[in-house]
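S.K.: Pasting a structure here, questions to come.
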Amino acid sequence: MSPTVFMVIMSSLATGTIITSSSHHWLLAWIGLEINTMAMIPVISSTHNPRSTEAATKYFLTQAVASTTILFSSMMNAWYLGTWDITNTSFTPAHTLLTIALAMKLGLAPAHFWLPEVLQGSTMTTALIITTWQKLAPMALIYMTINNLSTTILILTGLLSTLIGGWGGLNQTQTRKIMAYSSIAHLGWMIIISSMMTNILIISLSMYLIMTTAVFCLLILSKSKTIQDMMTAWPLSPALTSMTTLTLLSLAGMPPLTGFMPKWLILKEMLTQNLIPTATIMMLSTLLSLFFYLRLTYLITLTLPPNSNQTKLKWRFKPNFTTLLMTVTSTMSILLLPMTPMMLL
């Protein structure tokens with residue numbers, strides 16, 4: 261892809277998200293979502309192989325259906341209430357359809373099937389964009405319409421997402437699919453808390469973006485596409501391996517790492533709201549996710565590949581991938597827990 265085309269596509273990707281996040285009119289928000297989707301398709305299919313073409317087609321179909329449903333729900337709301345204002349979506353069929361469409365946009369269960377397949381057909385960098393930047397526009401719409409969305413549907417969708425995110429990742433050997441199910445589980449936590457406290461939603465989303473970016477940067481640098489590839493990370497760089505281990509444990513929500521913060525705050529708020537059975541199921545589903553994170557950390561730190569060389573370390577070449585983003589995000593995904601009181605103010 262030429263630099264000019266790449267710049268135009270990335271600008272369109274950013275513009276679509278910004279238009280959706282800053283608009284108060286449903287048509288403008290829909291236009292932003294469409295710009296965003298159209299810019300993402302050439303990024304996914306840029307490698308020119310059947311897997312990437314299939315992934316781009318699946319992505320286009322699911323996002324087009326979700327965008328159409330959002331447009332249809334906004335038209336129903338405008339027909340019934342006479343307003344296109346995003347914050348005034350109080351017509352019940354309209355906001356029910358909107359909740360379903362946004363769940364499909366984000367890849368929440370039961371509309372989650374496209375996310376692992378699209379990530380597996382994409383490059384690591386494209387998978388990073390899909391699991392981080394592409395979540396911002398739908399999350400902004402949820403944030404703006406949360407007072408009108410159905411709390412029951414949000415909690416049920418979130419609960420199902422945390423369970424499927426844990427179960428689905430257990431049997432995976434591809435790191436991109438593992439990260440896809442991890443994304444589904446984390447978004448389930450965010451959707452549940454969105455109907456209770458939006459400031460915790462923003463903290464959880466920020467922590468998720470930081471930790472997911474850090475893990476993907478580490479996977480890109482170590483060229484780990486499968487869990488077998490992660491066994492070769494230790495000879496490549498012991499320091500990189502240590503950072504990957506800590507970042508994965510943070511993503512699992514282990515104290516005293518950053519990933520414990522959002523889970524702690526969400527569970528505390530749910531217990532305050534007397535949602536004890538829901539909180540219990542979510543904690544149990546986190547144990548499923550913890551299993552596959554621990555499996556990854558075990559393969560990275562405690563196993564070495566068959567090695568006939570006299571030296572245990574590889575030749576280290578200068579990486580093509582810039583490490584500044586990885587350094588900043590991995591440090592933040594490990595050390596931010598003591599900053600919790602400041603973030604809550």
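In this note's numbering, the protein residues as written are 261 to 605. Cβ atoms here follow ideal geometry from the backbone N, Cα and C, with glycine treated the same way.
So Ala-369 and Thr-329 are supposed to be a Cβ contact under 8 Å. How far apart are they, rounded?
M.R.: The Cβ separation is near 17 Å, so there is no contact.
S.K.: Just list the residues that DSSP pairs Asp-489 with in beta bridges.
M.R.: Per DSSP, none; premise fails for Asp-489.
S.K.: Buried or exposed: which applies to Thr-359, given that a residue is buried once 16 or more other Cβ atoms fall within 10 Å of its Cβ?
M.R.: Thr-359 is buried by the Cβ-count criterion.
S.K.: When DSSP builds the beta bridges, which residues end up paired with Gln-434?
M.R.: Gln-434 is bridged by DSSP to Thr-486.
S.K.: Taking the beta carbon of Ile-295 as the centre, do at least 16 other beta carbons fall within 10 Å, making it buried, or is it exposed?
M.R.: buried
S.K.: Roughly how many whole angstroms lie between the Cα atoms of Lys-318 and Pro-310?
M.R.: Between the C-alpha atoms of Lys-318 and Pro-310 there is a straight-line separation of about 12 Å.
S.K.: Would you mind stating whether Val-475 and Thr-507 have Cβ atoms separated by less than 8 Å?
M.R.: yes
S.K.: Output the distance between the C-alpha atoms of Met-530 and Met-261, rounded to the nearest integer angstrom.
M.R.: 47 Å
S.K.: Among residues of its own chain, excluding the 5 on either side of His-355, which ones have a beta-carbon nearer than 6 Å to its beta-carbon?
M.R.: Thr-349, Asn-408 and Leu-409
S.K.: How many angstroms separate the CA atom of Leu-469 from the CA atom of Thr-392?
M.R.: Whole-angstrom Cα-Cα distance: 6 Å.
S.K.: Taking 8 Å as the limit between beta carbons, can you name the residues of its chain near Arg-555, skipping five residues before and five after?
M.R.: Ile-487
S.K.: List in chain order: all unbroken alpha helix (DSSP H) runs of 4+ residues lying wholly within the segment 504 to 553.
M.R.: Every unbroken stretch of the alpha helix (DSSP H) spanning 4 or more residues and falling wholly within the segment 504 to 553 is given here in chain order: 520 to 532.
S.K.: Please name the residue, chosen from Ile-444, Ile-406 and Thr-422, that lies closest to Thr-458 on a Cα-to-Cα basis.
M.R.: Ile-406
S.K.: Would you mind sorting Leu-511 into buried or exposed? The rule is 16 or more other CB atoms within 10 Å of its CB.
M.R.: buried
S.K.: I need the boundaries of the alpha helix (DSSP H) containing Thr-329, first residue and last residue.
M.R.: 310 to 341
S.K.: What first and last residue would you give for the alpha helix (DSSP H) that runs through Ser-283?
M.R.: That residue, Ser-283, is in no alpha helix (DSSP H); it is neither H nor E in DSSP.
S.K.: Between Leu-550, Ser-466 and Ser-590, which has its C-alpha nearest Ala-499's C-alpha?
M.R.: Ser-590
S.K.: Given a cut-off of 8 Å, decide if Ile-424 and Gln-630 are closer than it, judged by their beta-carbon atoms.
M.R.: Lying before the first or after the last residue shown, residue 630 is absent from the chain, which here runs from 261 to 605.
S.K.: Could you tell me the distance, in whole angstroms, from the CA atom of Ala-387 to the CA atom of Thr-492?
M.R.: The C-alpha of Thr-492 is placed about 22 Å away from the C-alpha of Ala-387.
S.K.: Given that a residue counts as buried once 16 or more other Cβ atoms are within 10 Å of its Cβ, and exposed if not, what is Trp-339?
M.R.: Residue environment analysis places Trp-339 among the exposed positions, since fewer than 16 neighbouring C-beta atoms fall within 10 angstroms of its C-beta.
S.K.: For Met-514, which residues from the same chain have a beta carbon less than 7 Å from its beta carbon, with the 5 sequence-adjacent residues on both sides left out?
M.R.: Phe-520
S.K.: Return the chain-ordered list of same chain residues with a C-beta closer than 7 Å to the C-beta of Ala-400, the five sequence neighbours on each side being excluded.
M.R.: Thr-280 and Ser-281
S.K.: On the premise that Ala-299 lies in contact with Leu-273, defined as a C-beta separation below 8 Å, what is that separation, rounded to the nearest angstrom?
M.R.: 4 Å
S.K.: Could you work out which residue in Met-592, Leu-547 and Ile-541 is closest to Leu-416 when comparing CA atoms only?
M.R.: It is Ile-541.
S.K.: When the Cα of Ala-440 is compared with those of Ser-466, Leu-465, Trp-374 and Pro-495, which residue comes out closest?
M.R.: Trp-374
S.K.: Measure the Cβ-Cβ separation of Ser-484 and Leu-447 and say whether it is below 8 Å.
M.R.: no
S.K.: Suppose you measure from the CA of Met-586 to the CA of Thr-472; what does that come to, to the nearest Å?
M.R.: 10 Å
S.K.: Is it buried or exposed, Ser-443, if we count other Cβ atoms within 10 angstroms and call 16 or more buried?
M.R.: buried
S.K.: First and last residue of the alpha helix (DSSP H) that includes Leu-562?
M.R.: Run containing Leu-562: none; DSSP gives neither H nor E here.
S.K.: Relative to the alpha-carbon of Ser-482, which residue among Leu-366, Met-384, Thr-275 and His-372 has its alpha-carbon at the smallest distance?
M.R.: When only C-alpha atoms are compared, the closest one is Met-384.
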